[in-house]
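J.: Dropping the structure in here first, questions after.
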Amino acid sequence: MGAYIIRRLLLMIPTLLGIMIINFALVQFVPGGPIEQILSQLDEQTSATDRIAGGGAEVGGGSSQSEYQGAKGLPEDFIKDLERQFGFDKPPLERFLLMMGNYLRFDFGESYFRSIDVIDLVLEKMPVSITLGLWTTVLAYLISIPMGIRKAVHDGSRFDTWTSAVIIMAYAIPGFLFAILLLVVFAGGSYLKWFPLRGLTSENFDELTVFGQIVDYLWHISLPVAANTIAAFATLTLLTKNSFLDEIKKQYVMTARAKGLSERGVFYGHVFRNAMLIIIAGFPGAFLSIFFAGSLIIEIVFSLDGLGRLGFEAAVNRDYPVLFATLYVFGIMGLIISLISDLTYVWVDPRIDFESRET
0 MGAYIIRRLL
10 LMIPTLLGIM
20 IINFALVQFV
30 PGGPIEQILS
40 QLDEQTSATD
50 RIAGGGAEVG
60 GGSSQSEYQG
70 AKGLPEDFIK
80 DLERQFGFDK
90 PPLERFLLMM
100 GNYLRFDFGE
110 SYFRSIDVID
120 LVLEKMPVSI
130 TLGLWTTVLA
140 YLISIPMGIR
150 KAVHDGSRFD
160 TWTSAVIIMA
170 YAIPGFLFAI
180 LLLVVFAGGS
190 YLKWFPLRGL
200 TSENFDELTV
210 FGQIVDYLWH
220 ISLPVAANTI
230 AAFATLTLLT
240 KNSFLDEIKK
250 QYVMTARAKG
260 LSERGVFYGH
270 VFRNAMLIII
280 AGFPGAFLSI
290 FFAGSLIIEI
300 VFSLDGLGRL
310 GFEAAVNRDY
320 PVLFATLYVF
330 GIMGLIISLI
340 SDLTYVWVDP
350 RIDFESRET
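Here the sequence shown is numbered in numbering that gives the first Met the number 0, starting from 0 and rising by one per residue.
Put into structure tokens, the structure is as follows:
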């Protein structure tokens, strides 16, 4: 197992490097970089100033307009200083190598537009996304496993039929649409005002007691977690049912029944452990999937200041240090959690041996 872990850790390096190379190359072809945005803003400000000055001259009866440096175009030296400030005076390959060298030391530089170290920004936003992903995963498992087991035991019954209909509808509803529906109905939209509209805490959070802070936090997290759970709950329920159905139909179950074991003894003594293998071992992967898929949309809809929203705003504003830093962090988390998922299989069922697999 030690050799397998070492191989997986070594494989993370080219995998992460490939992810960064592809995204860095794509960014080179995207128009409207940070310098272009600054120049555009300066041009808009200059145009607005010219319009105001022109309007004032006309009101005063004059026909001439004041000359502004911005109306003639920005100096070439100013543009070169901007390129040097943002590091765009170097060739792309050199910029990429410098960036990766810094990233290996977790030095992500400073945000272009926020005047704050990117690592501090990422660490500030990460707890929100992790909290959302963790609560969603736990809630999905608590609902899905009991329901999936009951659906497998009572396969074909009325309970199985109507719960399957609910699951299919839940899976068909996009997460963002369900999130908006929850806001409209329960967060002061057109109907009820039971939950807050945005954020994870109230403005007076620091003034509350410990119990009050816990209640306030749970009050704020309820709707985002509910919106994020619906798709994960549907998928996991069907996975649990199918896993238990596969085990119930196997030969060893019929053998155990033939030996006189009760249904309860057969189910919890043999079926349960084997069927739960794939479900328990898939917990890290499920968390990763929920963390990635739900963080962006849910954080934007509920105005949660997490990594997903940070990455989205960085992409829109062309804040490349923040954009690549979030991508780097997501990539490392994904690779590590994938390794943990494999190790969980061995922990749940020691019969699995990854060392015997060919590489």
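Think of the CB as a built atom: it goes at the ideal place given N, C-alpha and C, for glycine as much as any other residue.
In three-state DSSP terms, what is D106?
T.: In this structure, D106 counts as coil in the three-state DSSP scheme.
J.: Could you check where the alpha helix (DSSP H) with T14 kicks off and where it finishes?
T.: T14 -> alpha helix (DSSP H) spans G1 to Q27.
J.: Could you work out which residue in L138, T234 and V270 is closest to A171 when comparing CA atoms only?
T.: A171 has its Cα closest to that of T234, out of L138, T234 and V270.
J.: Among F282, P13, L338 and E298, whose alpha-carbon lies nearest the alpha-carbon of L138?
T.: Taking only the C-alpha atoms, the option nearest L138 is F282.
J.: Name the DSSP beta bridge partners of D80, please?
T.: According to DSSP, D80 bridges with nothing at all.
J.: Are there 16 or more other CB atoms within 10 angstroms of the CB of P195, so buried, or fewer, so exposed?
T.: By the neighbour-count rule (16 or more Cβ atoms within 10 Å), P195 is buried.
J.: Return the bridge partner residues of D159 from the DSSP annotation.
T.: According to DSSP, which records beta bridges pairwise, D159 is partnered with nothing at all.
J.: Decide if Y267 is buried, meaning its Cβ has at least 16 other Cβ atoms within 10 Å, or exposed.
T.: Answer is exposed; the Cβ neighbour count stays below 16.
J.: Please report how far the alpha carbon of F175 lies from the alpha carbon of G310, in whole angstroms.
T.: Each residue's alpha carbon lies about 18 Å from the other.
J.: Between T228, E298, D215 and P90, which has its C-alpha nearest S201's C-alpha?
T.: Comparing Cα positions, the closest option is D215.
J.: Threshold first: 4 residues or longer. Then list the alpha helix (DSSP H) segments lying entirely within the segment 285-342, N to C.
T.: Segments of the alpha helix (DSSP H) lying fully in the segment 285-342: 306-316.
J.: Rounded to the nearest angstrom, how far is the Cβ of F271 from that of A178, given a contact under 8 Å?
T.: Not really, about 35 Å apart at Cβ, beyond 8 Å.
J.: Please state the DSSP three-state secondary structure of D388.
T.: Here the chain comprises residues numbered 0 to 358, so residue 388 is not present and cannot be evaluated.
J.: Using the three-state DSSP reduction, which class does D116 fall into: helix, strand or coil?
T.: Strand.
J.: Checking the sheet assignment: what are the DSSP bridge partners for K192?
T.: According to DSSP, which records beta bridges pairwise, K192 is partnered with A186.
J.: Going by C-alpha to C-alpha distance, which of Y251, A257 and A313 sits closest to H269?
T.: Here the closest residue by C-alpha is Y251.
J.: Rounded to a whole number of angstroms, what is the C-alpha to C-alpha distance between T14 and L131?
T.: Spanning the two alpha carbons is a distance of roughly 27 Å.
J.: Quick one: residues in its chain with C-beta nearer than 7 Å to the C-beta of L207, no 5 flanking neighbours on either side, listed in chain order?
T.: Correct list, in chain order: D215.
J.: Classify S201 as helix, strand or coil using the three-state DSSP reduction.
T.: Three-state DSSP puts S201 in coil, outside helix and strand.
J.: Where does T208 sit, in a helix, a strand or coil, going by DSSP?
T.: Here T208 sits in coil by DSSP.
J.: Would S63 be called buried (16 or more neighbouring beta carbons within 10 Å of its own) or exposed?
T.: Because the pLDDT of S63 is 35, which lies under 50, any placement of that residue in the model is unreliable, and the number read from its coordinates should be weighed accordingly. By the neighbour-count rule (16 or more Cβ atoms within 10 Å), S63 is not buried but exposed.
J.: Indicate whether M146 and T162 have their beta-carbon atoms separated by less than 8 Å.
T.: Yes; because the gap between Cβ atoms is below 8 Å, this pair is in contact.
J.: Is Q68 buried or exposed, if buried means 16 or more other CB atoms sit within 10 Å of its CB?
T.: Because the pLDDT at Q68 is just 37, under 50, the model does not fix this residue reliably, and the value given afterwards should be weighed accordingly. Its Cβ having fewer than 16 others within 10 Å, Q68 is exposed.
J.: Counting C-beta neighbours from all protein chains within 10 Å, is the total for N101 16 or more, i.e. buried, or is it exposed?
T.: The residue in question, N101, is exposed, as its Cβ has fewer than 16 Cβ neighbours within 10 Å.
J.: Please check the pair I144 and A226, which I expect to be a contact at CB under 8 Å, by giving their CB distance rounded to whole angstroms.
T.: About 21 Å; that fails the 8 Å criterion.
J.: Our contact map puts S242 next to I278 with C-beta atoms below 8 Å; I'd like the distance itself, whole angstroms only.
T.: About 6 Å; that satisfies the 8 Å criterion.
J.: Rounded to a whole number of angstroms, what is the C-alpha to C-alpha distance between I213 and K192?
T.: Spanning the two alpha carbons is a distance of roughly 20 Å.
J.: Please go through the same chain and pick out, in chain order, the residues whose beta-carbon is closer than 8 Å to the beta-carbon of A169, but skip the five residues on each side of it.
T.: The answer, listed in chain order, is I229, A230, F232 and A233.
J.: Taking the alpha carbon of D119 as the point to measure from, which residue in L222, E109 and N22 has its own alpha carbon closest?
T.: The shortest Cα separation from D119 among L222, E109 and N22 belongs to E109.
J.: For S114, tell me which candidate among M275, H153, V321 and F329 has the shortest Cα-Cα distance.
T.: Nearest option by C-alpha distance: V321.
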